[in-house]
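Trainee:
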Amino acid sequence: MNEITIGLVLLGILFALLASGFWVAFTLIAVSIAGMVMLGNDNFGLLYSTSTWGAVSDWSLAALPLFIWMGEILFRTRLSKDLFEGLTPWLSSVPGRLLHVNILSCGIFAAVSGSSAATAATIGKMTLPELKRQGYDDKMAIATLAGSGTLGLLIPPSIILIVYGVAAEVSIGRLFMAGALPGLMLVLMFMGYTAYWSAKHSEGVAKQVTRYSWSEKFSSLLRLLPVSALVFFIIGSIYAGLTTPTEAAAFGVLGSLALAVGSRSLTMSSFIDSLMGAVKTSCMIIFILAGAAFLTMAMGFIGLPRMLAENIAVLNLSPYMLLFLLTIMFVILGCFLDGISVVVLTTSVVLPMVIEAGIDPLWFGIYIVLVVEMSQITPPVGFNLFVIQSLTGRNILFVAKAALPFFFLLVSAVLIVTVFPEIVTWLPTSMSGG
Numbered sequence: 009m010n011e012i013t014i015g016l017v018l019l020g021i022l023f024a025l026l027a028s029g030f031w032v033a034f035t036l037i038a039v040s041i042a043g044m045v046m047l048g049n050d051n052f053g054l055l056y057s058t059s060t061w062g063a064v065s066d067w068s069l070a071a072l073p074l075f076i077w078m079g080e081i082l083f084r085t086r087l088s089k090d091l092f093e094g095l096t097p098w099l100s101s102v103p104g105r106l107l108h109v110n111i112l113s114c115g116i117f118a119a120v121s122g123s124s125a126a127t128a129a130t131i132g133k134m135t136l137p138e139l140k141r142q143g144y145d146d147k148m149a150i151a152t153l154a155g156s157g158t159l160g161l162l163i164p165p166s167i168i169l170i171v172y173g174v175a176a177e178v179s180i181g182r183l184f185m186a187g188a189l190p191g192l193m194l195v196l197m198f199m200g201y202t203a204y205w206s207a208k209h210s211e212g213v214a215k216q217v218t219r220y221s222w223s224e225k226f227s228s229l230l231r232l233l234p235v236s237a238l239v240f241f242i243i244g245s246i247y248a249g250l251t252t253p254t255e256a257a258a259f260g261v262l263g264s265l266a267l268a269v270g271s272r273s274l275t276m277s278s279f280i281d282s283l284m285g286a287v288k289t290s291c292m293i294i295f296i297l298a299g300a301a302f303l304t305m306a307m308g309f310i311g312l313p314r315m316l317a318e319n320i321a322v323l324n325l326s327p328y329m330l331l332f333l334l335t336i337m338f339v340i341l342g343c344f345l346d347g348i349s350v351v352v353l354t355t356s357v358v359l360p361m362v363i364e365a366g367i368d369p370l371w372f373g374i375y376i377v378l379v380v381e382m383s384q385i386t387p388p389v390g391f392n393l394f395v396i397q398s399l400t401g402r403n404i405l406f407v408a409k410a411a412l413p414f415f416f417l418l419v420s421a422v423l424i425v426t427v428f429p430e431i432v433t434w435l436p437t438s439m440s441g442g
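FYI, in the working numbering the residues of the sequence shown are 9 to 442.
Below you can see the structure in the form of structure tokens.
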């Protein structure tokens, strides 16, 4: 069999197993073994052990379980309530008022949890009942949460950026820097659209306006101080070069434990729950990474990445056309897989094409996360849609339709960073001195 035939057969096996509900990690391993067998190579046991050990023993991955544990600890504190009560007085006179609390709370929580699902679930539990009680439009309340919940993928420390950095051999610290400005840009875009919508649909915003004195506004900032200090320390220490991402993650765990103790929300039960949640999530991600590493090795033996890169080169596609086609592919994959699976499944195949086209792998990391963010609110399997559906009890199509404007805002963000790549590259370049 030639490379194209093997590739088509493996693609069929891949989608058949995924459609049957087979675990992603097992699917990757099964496809890899099938490819090796088709090549007549029966030494896949040794190859699996060597490839996976190299993939999961990377020291950069030590930051992964630590950041996940930090998010799990904070998920069980009163942090979301403090964010809501701390931001509310400052947003009471902004068009859209408390709808912006969803966006800013998600932006701040994303910076300490690194998880899109944890961000949407934690903030949604606090804000959605309050917004409904005060008479805000249900559809817009869900939309702001669905859209801004995806910020957990981009705003550092991001779990998916760590995974991409390991898979693509790109500095995780530089990726964190590169994600900061696009993350801020998205927050401003979401708030701008929400203010515009609120001005056009005043009936969807609570009529009763609570007036706050300046003393009340400034005293509310005390509620934001603990988490703001944690965010500033984690991100600031990495940007300043004082700590590596792994060291910052370790300090972040200590800081989150201190916040949990200080808020009296840390019990032995919540501590064990946070630890077990971190272990389960970390094992799932590392298992997928191990399967992806084996698949990468199998694809290398078959020669598929080289063949694809050569065929793309023959087509003489412009970088913009290549990115357009990759965007369609990533969004389609995101309808069936979670974001981390999309990244580890595709990076080894598409990266040679991307480098051949002269695209910076650092910039491409932020691009792929933005596109994966889009897939988080794309039916039928947008992960954030399921999280919000479980919170609201609404039909998944209702949630998807509500989130549609924010999907298009994410599309706009992809276009903006494509036309102006300096938004991504300026900060890591300036911080590294060149």
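Beta carbons: idealized from backbone N, C-alpha and C, even for Gly.
Compute the Euclidean distance between the alpha carbons of L330 and G94, then round it to the nearest angstrom.
Mentor: L330 and G94: Cα-Cα distance of roughly 44 Å.
Trainee: Measuring straight from C-alpha to C-alpha, what distance separates L423 and I340?
Mentor: Roughly 18 Å separates the two Cα atoms.
Trainee: Where does H209 fall in DSSP's three states?
Mentor: Here H209 sits in coil by DSSP.
Trainee: Going by Cα to Cα distance, which pick from G342, L353, D281 is closest to I296?
Mentor: If we check each option's Cα against that of I296, L353 comes out closest.
Trainee: Could you give the C-beta distance for S278 and F338, rounded to a whole number, given that I count them as a contact under 8 Å?
Mentor: S278 to F338, Cβ: 36 Å. No contact.
Trainee: Which of the three DSSP states is assigned to P97 in this structure?
Mentor: It is helical.
Trainee: Per DSSP, what kind of secondary structure is R219 in: helix, strand or coil?
Mentor: It is coil, neither helix nor strand.
Trainee: Just reading off the alpha helix (DSSP H) that T58 is part of, what are its end residues?
Mentor: 52–64 is the extent of the alpha helix (DSSP H) around T58.
Trainee: Hey, quick one: how far does the alpha helix (DSSP H) through D146 stretch, first residue to last?
Mentor: Segment 146–157, the alpha helix (DSSP H) holding D146.
Trainee: Would you mind reading off the limits of the alpha helix (DSSP H) that contains T85?
Mentor: Element bounds for T85: n/a, residue is neither H nor E.
Trainee: Below 9 Å between beta carbons: does that hold for M199 and A33?
Mentor: For M199 and A33, no; Cβs fall outside 9 Å.
Trainee: Have a look at S206, W222, L136, S271 and flag the residue whose alpha-carbon is nearest the alpha-carbon of L233.
Mentor: With distances taken between Cα atoms, L233 lies closest to S271.
Trainee: Examine the Cβ distances between the stretch 426–434 and the stretch 187–202 and report whether three or more of them are shorter than 8 Å.
Mentor: Yes, they touch.
Trainee: Going by alpha carbons, who is nearest to A71 out of L112, L153, I168?
Mentor: Comparing Cα positions, the closest option is I168.
Trainee: Taking the alpha helix (DSSP H) that V178 belongs to, which residues open and close that run?
Mentor: Segment: none, V178 is in no alpha helix (DSSP H) and carries neither H nor E.
Trainee: Would you call the stretch 218–236 in contact with the stretch 45–65, where contact means no fewer than 3 C-beta pairs closer than 8 Å?
Mentor: No: the two stretches stay apart, fewer than three of their Cβ pairs being nearer than 8 Å.
Trainee: For N49, which of helix, strand or coil comes out of DSSP?
Mentor: N49: coil per DSSP, three-state reduction.
Trainee: Which term fits H108, buried or exposed, when burial requires 16 or more other beta carbons within 10 angstroms of its beta carbon?
Mentor: Buried, by the Cβ-count rule.
Trainee: Does the Cβ of L267 lie closer than 8 Å to at least one heavy atom of the ligand SAM?
Mentor: With respect to the ligand SAM, the structure shown offers nothing to examine, as it has no ligands at all.
Trainee: Identify whether I116 lies in helix, strand or coil by the three-state DSSP scheme.
Mentor: Helix.
Trainee: State the CB to CB distance for the pair M284 and W205, rounded to an integer number of angstroms; the pair is presumed to be in contact (CB under 8 Å).
Mentor: Incorrect: roughly 40 Å between the Cβ atoms, too far for contact.
Trainee: Among residues of its own chain, excluding the 5 on either side of L74, which ones have a beta-carbon nearer than 6 Å to its beta-carbon?
Mentor: For L74, where only same-chain residues beyond five positions count, the Cβ hits under 6 Å are A257, A258, V261.
Trainee: Consult DSSP for F428 and reduce its assignment to one of helix, strand or coil.
Mentor: Of the three classes helix, strand and coil, the one that applies to F428 here is coil, per DSSP.
Trainee: Which one of V395, G48, L370, T386 has the shortest CA to CA distance from I336?
Mentor: That would be T386, whose Cα lies nearest to the Cα of I336.
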